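Visitor:
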Amino acid sequence: MTQHSGTGRIFKKAIVDSLSLPAFILLTTMMGFGSLARSAGFSPEMAALATALIWGLPGQLAMVELTTTGQSLFAIIFACSLANARFFPMVVSFIPTMTRQRTGFFQLALFAQLLSINSWAMCMRQFPDIDPDFRKFYYIVFAASILSAAIAGTLLGYYVSAILPDALLLGLIFLSPLFFALVLSAASKPGERASLILGCAVVPLAHLYFPDVDLLITGVVGGSLGYLLGRTSAVQRLL
Amino acid sequence: MSNETLWLIVLGCAAATFIWRLLGVVVVKKINPDGALFEWVTCVSYAMVAGLIFRMIIMPESRLAEVSLLVRCAAVAIAFAAYFGFRRMLLAGVLAGSVSLSVMVSWFG
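Line order of the protein sequences matches chains A and B.
Under the working numbering, the first residue of the first sequence is numbered 30, with each subsequent residue one higher.
Under the working numbering, the first residue of the second sequence is numbered 66, with each subsequent residue one higher.
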């Protein structure tokens with residue numbers, strides 16, 4: 030199979046791929062965040078900067094929710110950090126898929142800062158079709174494109190979401206988890222597929238007993254079981 | 066809260082999220098991307114993301130909690146049906162699921 034290559038073509042592909050859906054998803058998702066940030070008392074500049082720098086919706090939502098309920102500064106920052114802890118394994122699994130070349134620390138830190146579930150899920154799906162020499166470039170263009178859409182969405186939501194009818198707003202909020210669910214259903218390796226299923230199975234219990242660290246527990250328990258099951262021949266045949 | 070506190074919250078949250086990303090960069094330089102450890106970490110990230118999405122849909126803390134569980138599940142089923150029906154087209158699945166949720170909400174309240 031031929032892989033996509035060439036600066037111009039990769040740039041075009043990254044823009045087209047991002048505009049085909051992810052940019053729209055982030056625009057609408059961040060509208061929800063923008064409207065919540067407004068009701069929590071943040072200024073539009075703060076809301077836009079939160080999207081640009083935190084760049085992880087679960088943590089952003091934890092931030093606005095706890096600010097609304099008047100928690101302490103430390104408690105808010107701690108909760109946001111835990112809600113975004115998934116970036117640790119995501120960065121570890123993402124970088125070698127993108128590049129095997131030696132890459133400088135600051136460049137890697139920049140790649141890590143730009144990572145979001147959207148770019149992680151889309152790139153894990155697209156990278157096999159892209160020439161390895163152009164994956165970094167594809168990722169940077171894609172990430173910059175959806176980040177711009179996210180910031181625009183935050184500001185749009187800050188100013189206009191109050192006038193949208195409820196049914197429409199709920200449909201917009203629903204776009205984001207739906208998009209991730211569909212993108213992830215394309216995971217191909219048995220271990221990854223088993224981990225996806227087990228993650229869904231473990232999270233209700235983890236959430237019930239350890240609500241603050243439910244996703245960490247879900248990741249370690251579901252991922253370890255998924256990893257082990259993925260090595261058995263029965264699961265390899267089944268998934 | 067005062068403006069200064071709110072700024073501190075935003076910047077503090079950004080720094081506290083960046084710590085996890087940085088930890089990933091530090092660790093990724095030390096492990097073999099073809100080894101078992103890397104495969105395990107990838108499985109952990111898949112399980113975490115799946116758990117997060119499952120929680121967003123089934124046990125939401127967002128405004129989706131206002132929508133009944135049955136409606137949410139029906140909309141997910143419609144989304145997957147459209148996705149596979151239209152040869153794995155993401156746009157078809159996402160639109161079908163989102164529009165059907167909006168329609169069900171306005172019908173059943």
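Every residue gets a Cβ at the ideal spot worked out from N, C-alpha and C, and that includes glycine.
It should be emphasised that the depicted structure is a prediction, and the values quoted were computed from it without experimental measurement.
Nearest chain B C-beta to I44(A) closer than 9 Å, yes or no?
Guide: As a first step, residue 44(A) must be located in the first sequence, where it is residue number 15. No, its Cβ sits nowhere closer than 9 Å to a Cβ of chain B.
Visitor: Which residue comes first and which comes last in the alpha helix (DSSP H) that contains A139(B)?
Guide: Translated into the one-based positions of the second sequence, residue 139(B) becomes position 74. Start and end: L134 to G150.
Visitor: Can you name, in chain order, every residue of its own chain whose Cβ lies under 6 Å from the Cβ of S64(A), other than the five neighbours on each side?
Guide: What you label residue 64(A) is simply residue 35 of the first sequence in a count that begins at 1. Cβ within range, chain order: G186 and S190.
Visitor: Excluding the 5 residues flanking T82(B) on each side, which residues of the same chain have their C-beta closer than 6 Å to its C-beta?
Guide: Locating residue 82(B) in the second sequence gives position 17, counting from the first residue. Contacts found: none.
Visitor: Is the CB-CB distance between E126(B) and E221(A) below 9 Å?
Guide: As a working mapping, residue 126(B) is identified with position 61 in the second sequence. As a working mapping, residue 221(A) is identified with position 192 in the first sequence. Not closer than 9 Å, so no.
Visitor: Let me make sure I understand the geometry here. Which of L197(A), L204(A) and G99(A) has the alpha-carbon closest to that of W172(B)?
Guide: If you number the second sequence from 1, residue 172(B) lands on position 107. Closest option to W172(B), Cα to Cα, is L197(A).
Visitor: In the structure shown, what three-state DSSP assignment does I124(A) receive?
Guide: Position 95 of the first sequence, counting from 1, holds the residue named residue 124(A). Reduced to three states, the DSSP call for I124(A) is helix.
Visitor: Specify whether the segment 222 to 231 of chain A and the segment 76 to 87 of chain A touch according to this definition: at least 3 beta carbon pairs, one from each stretch, less than 8 Å apart.
Guide: The segment 222 to 231 of chain A vs the segment 76 to 87 of chain A: no contact.
Visitor: Anything in chain B within Cβ reach of R129(A), meaning under 8 Å, just list it in chain order.
Guide: Looking up residue 129(A) in the first sequence gives position 100. Within 8 Å Cβ-Cβ: P98.
Visitor: Here's the rule: buried if 16 or more other CB atoms are within 10 angstroms of the residue's CB, otherwise exposed. What is T270(A)?
Guide: No information on residue 270(A) is available, as it lies outside the stretch 30 to 268 that chain A covers here.
Visitor: Starting from G116(B), follow the alpha helix (DSSP H) in both directions and report where the run begins and ends.
Guide: Position 51 of the second sequence, counted from the start, is the residue given in the question as residue 116(B). Its alpha helix (DSSP H) spans residues A101 to I123.
Visitor: Between the segment 163 to 176 of chain A and chain B, which residues of the former have CB atoms less than 7 Å from a CB of the latter, in chain order?
Guide: Within the segment 163 to 176 of chain A, no residue has a Cβ that lies closer than 7 Å to any Cβ of chain B.
Visitor: Does Q155(A) have its Cβ less than 9 Å from a Cβ in chain B?
Guide: As a first step, residue 155(A) must be located in the first sequence, where it is residue number 126. So no, Q155(A) is outside the interface.
Visitor: Do the segment 199 to 212 of chain A and the segment 93 to 105 of chain B make contact, defined as three or more Cβ pairs closer than 8 Å?
Guide: They do not touch, by the three-pair rule.
Visitor: Which word fits A91(A), buried or exposed, when buried means at least 16 other C-beta atoms lie within 10 angstroms of its C-beta?
Guide: Counting from one through the first sequence, the residue named residue 91(A) turns up at place 62. Classification of A91(A): buried, given that the 10 Å Cβ count is 16 or more.
Visitor: Roughly how many angstroms separate the alpha carbons of L258(A) and P194(A), rounded to a whole number?
Guide: Translated into the one-based positions of the first sequence, residue 258(A) becomes position 229. Translated into the one-based positions of the first sequence, residue 194(A) becomes position 165. Rounded to whole angstroms, L258(A) to P194(A) spans 46 Å at the Cα level.
Visitor: Identify which residue in L155(B), I143(B), L160(B) and V136(B) has its Cα closest to the Cα of M169(B).
Guide: Within the second sequence, the letter at position 104 stands for residue 169(B). The shortest C-alpha separation from M169(B) is found at V136(B).
Visitor: Could you give the DSSP three-state label for I96(B): helix, strand or coil?
Guide: For the purposes of this step, residue 96(B) is identified with residue 31 of the second sequence, where counting begins at 1. DSSP places I96(B) in coil when its eight states are reduced to three.
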